[in-house]
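Read the structure below first, then the notes.
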Ligand SMILES: Nc1nc2c(ncn2[C@@H]2O[C@H](COP(=O)(O)OP(=O)(O)OP(=O)(O)O)[C@@H](O)[C@H]2O)c(=O)[nH]1
Ligand SMILES: [Mg+2]
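Residue numbers (the working numbering): 27 to 450.
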């Protein structure tokens with residue numbers, strides 16, 4: 027089974043907690059704080075691997091979790107960082123964040139690596155918190171959580187030319203005579219069950235042609251095999267539309283041509299207006315009048331580039347191949363999706379210090395991802411840590427916003443699991 031899309035969940039490792047510890051040694055009393063920092067959580071990294079051809083690895087495995095960072099230790103020792111988790115995907119895989127619908131990465135090159143979920147930083151140990159006033163800090167920070175998200179991953183093959191056409195029109199035969207590929211060819215529809223790529227060497231140029239399973243009418247509604255595969259020609263610069271002009275099984279070649287174009291249009295309007303070369307195949311098995319009628323009909327529709335060939339008998343191939351080569355060399359490059367540079371993107375939970383306040387009677391509930399992070403790194407058993415938490419609520423504007431909403435002394439503030447009474 028050819029799997030070309032999947033929904034998965036990834037989670038980077040959490041940062042390890044900082045350590046609370048004091049230096050102890052024989053004959054030394056009151057040693058200073060020496061609790062070390064927690065280690066960073068491992069990242070979730072996607073890697074494009076050229077030899078992979080589909081997303082079958084994600085058929086049964088949907089959850090991917092990188093290792094957490096270890097806790098800090100005494101004697102100022104850092105906790106060990108969690109190992110990164112590498113996820114191998116085929117070249118052409120597009121990775122989307124389900125929540126925001128944003129494309130996070132387009133894995134277009136063999137060996138490309140992209141960090142998709144960042145591991146949380148380790149918490150600082152208490153060695154950082156000593157100062158002249160506070161000589162024995164009783165708190166350390168918890169580590170920050172690793173980024174976590176649902177991803178939609180989709181393979182969109184990277185090819186310069188896409189072969190489209192009715193089942194059994196001769197697409198695979200054409201691929202086999204133009205390129206190095208050896209696809210299965212047989213005298214029945216739906217022989218090709220998954221996309222096949224072939225490379226053309228023409229003069230000093232080389233480019234890739236994709237053969238996809240034949241599309242049929244209503245394929246865009248999921249009626250045929252084709253629907254699922256149109257995504258693989260979305261990136262191509264040029265379509266080569268193969269039509270069986272022999273009309274052996276009683277169909278009309280021009281009707282076939284029109285219905286395939288309708289399929290393209292339904293799937294993606296832009297795809298229907300992609301440059302298209304029309305190939306009248308199986309001319310060895312058709313009368314001159316049949317071929318003539320077909321050519322006239324498509325020319326009337328505005329398709330100028332029509333090539334009469336026989337892929338099986340190798341007639342007309344050189345002219346066709348030269349034309350494809352010429353057009354590929356002139357057309358703009360294959361579409362690579364624009365992605366936000368993840369390296370420049372902040373750690374997800376710090377991205378925005380946004381929050382919402384919902385008032386129900388005298389209860390003011392504050393929500394926001396960023397606040398959860400602060401909450402998680404606060405140690406509520408420590409007065410110092412609590413004081414820091416309160417300062418953060420002030421500096422981020424939460425307190426002002428509560429006042430603006432009309433909060434009064436004695437009202438309840440709710441943040442995550444935490445509830446406290448409000449006093450000025
Ligand atoms: N007479 C004749 N037969 C051809 C020609 N090209 C292909 N065929 C035959 O047509 C049949 C279908 O060819 P394929 O290349 O498998 O067709 P396809 O479009 O890839 O078909 P699907 O993968 O099933 O959609 C095979 O029996 C081929 O031998 C041709 O130029 N002339
Ligand atoms: Mg085929």
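Backbone N, C-alpha and C define an ideal beta-carbon position, used for all residues, glycine too.
| Query | Result |
| --- | --- |
| For residue 219, three-class secondary structure by DSSP | coil |
| Proximity of residue 240 and residue 37 at Cβ, strictly below 8 Å | no |
| Simplified DSSP state of residue 441, which is helix, strand or coil | strand |
| Rounded separation between residue 438 and residue 445 - CA only | 7 Å |
| Three-state secondary structure assigned by DSSP to residue 302 | strand |
| Host beta strand (DSSP E) of residue 232 (start-end) | 231–237 |
| Beta-carbon contacts of residue 290 that lie in its chain and below 6 Å, excluding the five residues immediately before and after | 297 and 298 |
| Test item: CB-CB of residue 14 and residue 205 under 8 Å | What is shown of the chain runs 27 to 450, which leaves residue 14 out entirely. |
| Rounded distance between the beta-carbons of residue 178 and residue 33, thought under 8 Å | 5 Å |
| Residue 272: CB within 7 Å of a non-hydrogen atom of ligand 1 | yes |
| Through-space distance from residue 69 to residue 27, alpha-carbon basis | 30 Å |
| Separation of residue 443 from residue 383, as counted between CA atoms | 15 Å |
| Ligand 1 heavy atom lying under 7 Å from the CB of residue 339 | yes |
| Contact under 8 Å by Cβ, residue 419 with residue 448 | no |
| Contact belief for residue 456 with residue 60 at Cβ below 8 Å, rounded distance in angstroms | In this structure the chain extends from 27 to 450, so residue 456 is not present and cannot be described. |
| Of the residues 381, 75, 365 and 414, the one placed nearest residue 126, counting alpha carbons only | 365 |
| Sub-8 Å separation of residue 350 and residue 303 beta-carbons | yes |
| Counted within 10 angstroms of its Cβ, other Cβ atoms place residue 93 as buried (16 or more) or exposed | buried |
| With 16 other Cβ atoms within 10 Å as the buried cut-off, status of residue 256 | buried |
| Whole runs of the alpha helix (DSSP H) within the stretch 322–400, excluding any shorter than 4 residues | 343–356 |
| Pick from 97, 271, 292 and 358 that is closest to residue 335, judged by C-alpha positions | 271 |
| Three or more C-beta pairs below 8 Å linking the stretch 181–198 and the stretch 46–57 | no |
| beta-carbon residue 197 near ligand 2 non-hydrogen atom, thresh 7 Å | yes |
| Classification of residue 386 by the beta-carbon crowding that lies within 10 angstroms, buried from 16 upward | exposed |
| Nearest to residue 357 (by Cα), restricted to the options 233, 86 and 73 | 233 |
| For residue 182, three-class secondary structure by DSSP | coil |
| Cβ neighbour criterion (16 or more within 10 Å) applied to residue 25 | Residue 25 is absent from the structure shown; the chain starts at 27 and stops at 450. |
| Local conformation of residue 46 per DSSP, three classes | coil |
| Reduced DSSP secondary structure (H/G/I, E/B, other) of residue 412 | helix |
| Contact under 8 Å by Cβ, residue 307 with residue 332 | no |
| Exposure label - residue 88; buried when at least 16 CB within 10 Å | exposed |
| CA nearest to the CA of residue 48, picked from 231, 153 and 236 | 153 |
| Between the CA atoms of residue 218 and residue 392 - distance to the nearest angstrom | 56 Å |
| Opposing strand residues paired with residue 228 [DSSP bridges] | 231 |
| Rounded C-alpha distance that separates residue 340 from residue 310 | 10 Å |
| Residue 166 and residue 149 closer than 8 Å at C-beta | yes |
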